[in-house]
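Student: My questions will all concern the structure given below.
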Amino acid sequence: MRKSFLFIAMVLISLELFAQKYPEPEFSNEVYYLKKDSINTVIRLEKGTAKMESKTKLGGFGGSESGYELSDSKSAVRLKSGSNLSFVFSNGAGASSGSTTSSKERDSMMQANGMDPSMMQGMGGMSSMNDPANSITLYKLDASSNKRKVLLQKNPGMMPFGSKKQRSSEKYTFSVKKIKEGYWELVIDKFLPKGEYAFTMMNMMNMTMGGETLLFAFGID
């Protein structure tokens, strides 16, 4: 009896320590900053949506660009610069009570967009699509006086009207560590210099009904 009590106590302590190291985000399918301290906490990033827009200058002679835009020149979420910054992402799969509801909601969304939910079976299922290694990209944003941009492609126009070369927003890679089912830690591989950043989620399940893509933004001071 005493051994059973000690075993249960050890399990509860282990679970408590795990929860302190990797807190469960309030909302699933969002990227959170993992603030590591004596007790780790998760900080919600600025969440926005944007449609991919394409613009041309001088009828194409001045070049063209395509990408996503967020309003305002700076994010309200500010982080300190440093190496090996960590973020976490949970798709809610680890919460058994919510997994069935989540699956039904995804099926309803696909049906509303004229898609057959069964088609996902031939694509590795929802688990692989929600894997952040396959669906999330971190960009350094181009910031101006009143907006921030993810430039997917900026093409030069005909000289002397256009820019000199083709370019796009800088990407930053991260290493993905699976903590448990449906929960990952994203460790940024390189030092992030000061500036504005955003994670984009490019899979179908994280697009809104209007075809907009979710972005999770933050700034480094």
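1054 is the number of the first residue of the sequence shown in my numbering; add one for each residue after it. Idealized CB from N, CA, C, for every residue including glycine.
Identify the residues that DSSP records as bridge partners of G1272: which are they?
Tutor: Answer is R1131, E1249.
Student: If you draw a straight line from the C-alpha of S1107 to the C-alpha of I1092, how long is it?
Tutor: Roughly 45 angstroms separates the two Cα atoms.
Student: If you drop the 5 nearest sequence neighbours on each side, which residues of the same chain put their C-beta closer than 8 angstroms to that of T1276?
Tutor: Beyond the ends of the chain as shown, which are 1054 and 1274, falls residue 1276; an answer cannot be given.
Student: Judging by CA-CA distance, which residue of L1239, D1274, K1247 is the nearest neighbour of F1140?
Tutor: Nearest option by C-alpha distance: L1239.
Student: Report yes if the C-beta distance between E1134 and P1246 is below 8 angstroms; otherwise report no.
Tutor: The residue you asked about is not Glu; residue 1134 is Ser in the sequence shown. In this structure, P1246 lies closer than 8 angstroms to S1134 by Cβ.
Student: With a threshold of 6 angstroms on Cβ separation, who are the neighbours of F1142 within its own chain once the five nearest residues in sequence on each side are excluded?
Tutor: Around F1142: V1084, P1185, W1237.
Student: Give me the residue from K1200, K1104, E1079 with the minimum Cα distance to D1125.
Tutor: Selected option, being the one with the closest Cα: K1200.
Student: Using only alpha-carbon positions, find the residue among G1235, S1136, E1118 that is nearest to V1205.
Tutor: Reading the sequence as shown, one finds Leu at residue 1205 and not Val. That would be E1118, whose Cα lies nearest to the Cα of L1205.
Student: Should K1231 go down as buried or exposed, given a rule of 16 or more other Cβ atoms within 10 Å for buried?
Tutor: It is exposed - the Cβ of K1231 has fewer than 16 other Cβ atoms within 10 Å.
Student: Relative to the C-alpha of V1130, which candidate in K1100, L1138, K1202 has its C-alpha closest?
Tutor: Out of K1100, L1138, K1202, K1100 has the C-alpha closest to the C-alpha of V1130.
Student: Looking at the structure shown, is N1187 part of a helix, part of a strand, or coil, going by DSSP?
Tutor: N1187: helix per DSSP, three-state reduction.
Student: In chain order, what residues of the same chain have a beta carbon less than 8 angstroms from the beta carbon of T1266, not counting five sequence neighbours either side?
Tutor: So the qualifying residues of the chain are T1102, A1103, K1104, M1105, Y1121, T1253, M1254, M1255, N1259, M1260.
Student: Give the C-beta separation of S1222 and D1195 to the nearest angstrom, bearing in mind that I take them to be a contact with Cβ-Cβ under 8 angstroms.
Tutor: Contact holds; Cβ gap of about 6 angstroms.
Student: With distance defined between alpha-carbon atoms, name the residue in R1097, I1273, E1079, F1080 nearest to Y1086.
Tutor: If we check each option's Cα against that of Y1086, R1097 comes out closest.
Student: Could you tell me the distance, in whole angstroms, from the CA atom of K1089 to the CA atom of S1228?
Tutor: Computed Cα separation, rounded: 17 angstroms.
Student: How close, in whole Å, do the beta carbons of N1144 and N1082 come, if the pair is a contact with beta carbons under 8 angstroms?
Tutor: At roughly 6 angstroms, the Cβ-Cβ gap stays under 8 angstroms, so N1144 and N1082 are in contact.
Student: Under 8 angstroms Cβ to Cβ from L1138, same chain only, skipping five residues before and after it: list those, please.
Tutor: Y1086, L1132, V1240, I1241, L1245, listed in sequence order.
Student: So, at 8 angstroms on beta carbons, what are the nonlocal neighbours of G1151 in its own chain, with the 5 sequence-adjacent residues on each side left out?
Tutor: Note that G1151 scores 42 on pLDDT, short of 50, meaning its location in the model is unreliable and no value can be drawn from it.
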